[in-house]
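These protein sequences, in sequence, are chains A and B. Numbers 1 to 261, taken from the numbering used here, label the letters of the first sequence in order. Numbers 1 to 385, taken from the numbering used here, label the letters of the second sequence in order. A virtual CB, placed ideally from N, CA and C, is assigned to each residue, including glycine. Keep in mind that this is a model prediction, so the values were computed, not measured. Here the structure comes first, spelled out in structure tokens, and everything after it is commentary.
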Amino acid sequence: MRIIVSIKQVPDTTEVRVDPETNTLIREGVESIINPFDMYAIEEAVRLKEKHGAETIVITMGPPQAESALREALALGIDKAIHITDRAFAGSDTWATSYILAQAVKKIGEYDLIICGKQASDGDTAQVGPGMAAHLDLPQIAYVKKIEEISQEKKMIVAERLVEDGFETLKAPLPCLITVVKEINEPRLPSLRGKMRAKKAEIVKWNKDAIGVEEDKIGLRGSPTQVVKIFTPPQKKGGEIWQGEPEELGARLAKELKKYL
Amino acid sequence: MLNYELTEEQKEIRELCRRLAEEKIKPYSQEWDEANKMPDEVLKIFAQSDLFSLCIPEEYGGMGGGLLDLCIATEEISRIDGGVAASYAASFLGMFPILLFGTEEQKKKYLPRLAAGESIAAFGLTEPEAGSDAAAVKTTARKDGKFYILNGTKHFITNGGVADIYTIIAVTDKKRGPRGMSAFIVEKGTEGFEFGKKEDKMGIRASATRELIFNEARVPDENLLGGREGTGFIVTMKTFDQSRPGVAAQAVGIAQGALEMATKYAHQREQFGRKISSFQGIQWMLADMAAKIEAARALVYAAARMVDRGEKNSGPASAAAKLFASDTAMEVATQAVQIFGGYGYMKEYGIEKFMRDAKITQIYEGTNQIQKEIIALDLIKRYTK
């Protein structure tokens with residue numbers, strides 16, 4: 001079995017502070033980490049490898065510093081890392097990003113399963129995983145909380161996915177893409193051997209030519225989403241507390257509410 | 001912290017252990033302390049992160065590093081929880097005799113299991129009447145065909161009941177005194193080997209301390225450590241030379257944790273309209289604590305490096321490190337409670353635990369009075385020839 005895990009490097013939001021003057025994030029000195037939801041994706045891939053035997057590959061699209069996220073994934077037990085990096089990718093929205101990642105997956109060739117975290121902690125769109133499945137024309141199961149069964153021989157996966165009022169059990173053919181939620185496992189810490197191995201490991205680098213993308217589908221030009229404005233929602237004003245007799249307060253409330261009718 | 005010129009690997013060990021302690025130990029530390037129970041799940045996490053493979057040569061499945069690696073790991077774990085660190089370090093105390101004195105077969109059989117963390121070890125020397133006087137051991141081992149038959153009771157054994165592999169010191173020839181003591185590898189489940197009273201301790205409560213009872217316990221003769229009788233006393237002394245820097249590192253970690261908590265508290269607690277960290281009285285306390293911890297750390301690392309280089313006379317250095325670091329831990333933890341004032345005396349704030357945990361480092365693996373004796377005897381030997 002071959003499993004591909006797609007991850008993203010994000011700023012550690014637990015350490016991000018907001019500049020009270022400009023209302024923008026203070027990015028300086030903020031550590032970059034693997035998107036927390038992707039940690040569950042990595043852990044699930046490593047567990048599947050331990051249980052069924054598999055080759056695990058981690059991919060990420062990002063600037064040169066994203067290499068450290070790949071090294072951490074290797075320290076956690078992933079076998080191989082591919083860094084998809086090119087200045088031309090800058091400004092890609094979720095559509096362009098999922099296209100680029102899908103092209104990279106095509107270059108990898110054969111695979112059985114792609115695992116993504118349910119969403120990134122910075123953008124919070126939850127679109128890139130499902131977008132990749134669309135570009136690759138793959139079945140997808142989003143918000144997976146448990147893999148019940150996976151079989152390379154039978155070429156199928158059975159998984160439980162979270163929905164608003166419970167969960168669904170779905171069966172899909174392989175290859176398939178799943179996105180995972182935090183209920184699926186408890187990610188481990190890296191091992192010492194893993195860390196030492198990851199330090200020395202060679203990381204494959206692919207640019208736009210290597211994965212053969214069409215220029216007008218990547219970067220700002222290939223991104224249909226336009227960010228018009230980013231703003232902090234206005235703070236809600238505190239409520240009022242009225243005190244008095246129930247009859248009196250009821251009448252006052254009715255009068256107040258009528259103003260809004 | 002001073003620059004100790006640590007290797008890349010040692011820096012990785014420190015970073016990993018710090019993260020492990022912060023994420024996997026700190027949230028539960030108080031609960032385990034109250035429960036007086038060793039948390040199995042943490043030992044599994046240590047194993048998964050390869051932390052039991054430190055100090056064990058690569059040919060036996062270990063990482064191949066030295067004692068300093070273990071000291072760094074123990075220090076970082078102790079910075080959060082001295083009790084969990086005791087369980088961890090005590091497994092190495094049980095492992096060292098096999099590493100130092102085991103036959104090739106014994107090393108091949110036991111070290112890979114320990115390196116992988118599949119098995120935990122413990123060291124059994126102390127008895128109700130044999131503590132500082134290590135040669136007063138009463139547990140006996142008599143030869144019976146292909147077996148040794150062990151009889152006696154060991155107490156205050158860290159990892160007792162939890163460990164799978166025990167290195168036990170017993171008398172094989174009473175007439176020969178200390179030279180009549182031998183060491184045995186005894187596996188859990190051996191016929192006639194049982195566990196007694198579980199101790200309810202002042203501190204390091206996240207570690208198991210229990211009595212070991214040998215009642216006609218049948219140990220195969222191939223488990224006589226090193227294949228020779230009469231090495232028990234030297235095994236004990238050499239093992240402690242190796243393990244004492246680890247206890248000293250535990251003390252440094254406890255002191256460091258207490259200092260950090262006290263500093264943070266002093267900077268948030270206000271009295272007389274200002275932060276108490278702005279008072280010179282508090283600043284001087286913190287400064288003394290920090291300086292002593294750094295001196296202790298430097299001494300511990302230097303002693304560990306002496307052991308790693310195989311220097312002959314590392315015993316007195318190990319003893320000095322254990323003496324100074326444990327006294328520092330006790331002093332620093334007590335001062336930390338003082339800085340917390342009334343809040344420090346309350347369990348809820350978590351600092352009193354450091355004071356309780358620190359105390360044992362002055363007592364176990366040789367009381368500090370025994371350490372002073374080791375240092376003094378070495379001085380007399382060296383300067384009065």
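Determine whether the Cβ of residue i lies closer than 7 angstroms to any Cβ atom of chain A.
i: residue 20 (chain B); result: yes
i: residue 49 (chain B); result: yes
i: residue 455 (chain B); result: Absent from the structure is residue 455 (chain B), since the part of chain B shown begins at 1 and ends at 385.
Starting from residue i, trace the beta strand (DSSP E) in both directions and tell me its first and last residue.
i: residue 148 (chain A); result: 140 to 151
i: residue 206 (chain A); result: 204 to 206
i: residue 208 (chain B); result: Taken as a continuous stretch (DSSP letters only), residue 208 (chain B) belongs to no beta strand (DSSP E), as it is neither H nor E.
i: residue 409 (chain B); result: This structure cannot speak to residue 409 (chain B), because chain B is shown only from 1 to 385.
i: residue 263 (chain A); result: Residue 263 (chain A) is absent from the structure shown; chain A starts at 1 and stops at 261.
i: residue 57 (chain A); result: 55 to 61
i: residue 6 (chain A); result: 2 to 7
Quick check: the Cα distance between residue i and residue j, rounded to an integer number of angstroms?
i: residue 107 (chain B); j: residue 125 (chain B); result: 21 angstroms
i: residue 131 (chain A); j: residue 150 (chain A); result: 23 angstroms
i: residue 147 (chain B); j: residue 322 (chain B); result: 38 angstroms
i: residue 210 (chain A); j: residue 172 (chain A); result: 31 angstroms
i: residue 185 (chain A); j: residue 69 (chain B); result: 31 angstroms
i: residue 262 (chain B); j: residue 214 (chain A); result: 59 angstroms
i: residue 212 (chain A); j: residue 51 (chain A); result: 35 angstroms
i: residue 157 (chain B); j: residue 127 (chain B); result: 9 angstroms
i: residue 251 (chain B); j: residue 319 (chain B); result: 13 angstroms
i: residue 65 (chain A); j: residue 303 (chain B); result: 39 angstroms
i: residue 5 (chain B); j: residue 98 (chain B); result: 30 angstroms
i: residue 145 (chain A); j: residue 111 (chain A); result: 22 angstroms
i: residue 72 (chain A); j: residue 197 (chain A); result: 10 angstroms
i: residue 239 (chain B); j: residue 280 (chain B); result: 44 angstroms
i: residue 161 (chain B); j: residue 32 (chain B); result: 17 angstroms
i: residue 144 (chain B); j: residue 174 (chain B); result: 17 angstroms
i: residue 82 (chain A); j: residue 205 (chain A); result: 6 angstroms
i: residue 362 (chain B); j: residue 222 (chain B); result: 36 angstroms
i: residue 187 (chain B); j: residue 164 (chain B); result: 6 angstroms
i: residue 120 (chain A); j: residue 346 (chain B); result: 41 angstroms
i: residue 73 (chain B); j: residue 298 (chain B); result: 15 angstroms
i: residue 126 (chain A); j: residue 114 (chain B); result: 44 angstroms
The alpha helix (DSSP H) with residue i in it runs from where to where?
i: residue 128 (chain A); result: 128 to 136
i: residue 52 (chain B); result: Premise fails: residue 52 (chain B) is in no alpha helix (DSSP H) and is neither H nor E.
i: residue 67 (chain B); result: 67 to 80
i: residue 246 (chain A); result: 246 to 258
i: residue 160 (chain A); result: Where residue 160 (chain A) is concerned, there is no enclosing alpha helix (DSSP H), although the beta strand (DSSP E) it sits in stretches over 156 to 163.
i: residue 173 (chain B); result: Segment: none, residue 173 (chain B) is in no alpha helix (DSSP H) and carries neither H nor E.
i: residue 354 (chain B); result: 352 to 361
i: residue 193 (chain A); result: 192 to 200
i: residue 372 (chain B); result: 368 to 383
i: residue 35 (chain B); result: 29 to 35
Using 7 angstroms as the limit for Cβ to Cβ distance, is residue i near chain B?
i: residue 193 (chain A); result: yes
i: residue 252 (chain A); result: no
i: residue 262 (chain A); result: Residue 262 (chain A) lies beyond the range of chain A shown here (1 to 261); nothing can be said about it.
Checklist entry - Which whole runs of the beta strand (DSSP E) in the stretch 85 to 136 of chain B are 3 residues long or more, in chain order? => result 121 to 124
Next on the checklist: Tell me whether the stretch 50 to 63 of chain B and the stretch 224 to 235 of chain B touch, counting them as touching only if at least three CB pairs, one residue from each stretch, are closer than 8 angstroms.
Outcome noted: no
Next on the checklist: I want to know whether the stretch 44 to 63 of chain A touches the stretch 1 to 11 of chain A - three or more CB-CB distances under 8 angstroms.
Outcome noted: Three or more Cβ pairs drawn from the stretch 44 to 63 of chain A and the stretch 1 to 11 of chain A lie within less than 8 angstroms of each other, which places the two stretches in contact.
Item to check | Inside the stretch 242 to 327 of chain B only - alpha helix (DSSP H) runs reaching at least 4 residues | outcome: Those alpha helix (DSSP H) runs which fall completely within the stretch 242 to 327 of chain B and span 4+ residues are 280 to 308.
Checklist entry - For the 8 angstroms Cβ check, are there 3 or more pairs between the stretch 121 to 140 of chain B and the stretch 168 to 175 of chain B? => result yes
Checklist entry - Touch check for the stretch 7 to 14 of chain B and the stretch 174 to 188 of chain A: three-plus C-beta pairs under 8 angstroms? => result no
Checklist entry - At which residue ranges does the stretch 63 to 118 of chain A contain complete alpha helix (DSSP H) runs of 4 or more residues, listed in the order of the chain? => result 67 to 75, 94 to 108
Next on the checklist: Under 8 angstroms: do the stretch 88 to 102 of chain B and the stretch 212 to 221 of chain B share three or more Cβ pairs, one atom per stretch?
Outcome noted: no
Checklist entry - Hey, which unbroken runs of the alpha helix (DSSP H) at 4 residues or more fall wholly within the stretch 9 to 53 of chain A? => result 36 to 52
Checklist entry - Three or more C-beta pairs closer than 8 angstroms, one from the stretch 316 to 332 of chain B and one from the stretch 47 to 54 of chain B: is that the case here? => result No: the two stretches stay apart, fewer than three of their Cβ pairs being nearer than 8 angstroms.
Next on the checklist: Please give the ranges of any alpha helix (DSSP H) in the stretch 182 to 226 of chain B, keeping only runs that are unbroken, at least 4 residues long and fully inside the region.
Outcome noted: none
Checklist entry - Does the count of Cβ pairs from the stretch 76 to 89 of chain B and the stretch 246 to 258 of chain B closer than 8 angstroms reach three? => result yes
Next on the checklist: Could you check whether the stretch 90 to 109 of chain A touches the stretch 29 to 42 of chain A, counting it as contact only if at least three pairs of C-beta atoms, one from each stretch, sit closer than 8 angstroms?
Outcome noted: no
Checklist entry - Per the contact definition of three or more C-beta pairs closer than 8 angstroms, is the stretch 72 to 83 of chain A in contact with the stretch 186 to 195 of chain A? => result Contact between the stretch 186 to 195 of chain A and the stretch 72 to 83 of chain A is present: 3 or more CB-CB pairs across the two stretches fall below 8 angstroms.
Next on the checklist: Could you check whether the stretch 37 to 44 of chain B touches the stretch 230 to 243 of chain A, counting it as contact only if at least three pairs of C-beta atoms, one from each stretch, sit closer than 8 angstroms?
Outcome noted: no
Checklist entry - How do the stretch 269 to 280 of chain B and the stretch 361 to 378 of chain B stand: do at least 3 beta-carbon pairs fall below 8 angstroms, yes or no? => result no
Checklist entry - Does the pairing of the stretch 15 to 32 of chain B with the stretch 71 to 83 of chain B give three or more beta-carbon distances under 8 angstroms? => result Touching, per the Cβ criterion.
Checklist entry - For the stretch 378 to 385 of chain B against the stretch 332 to 350 of chain B, are there 3 or more C-beta pairs whose distance is under 8 angstroms? => result no
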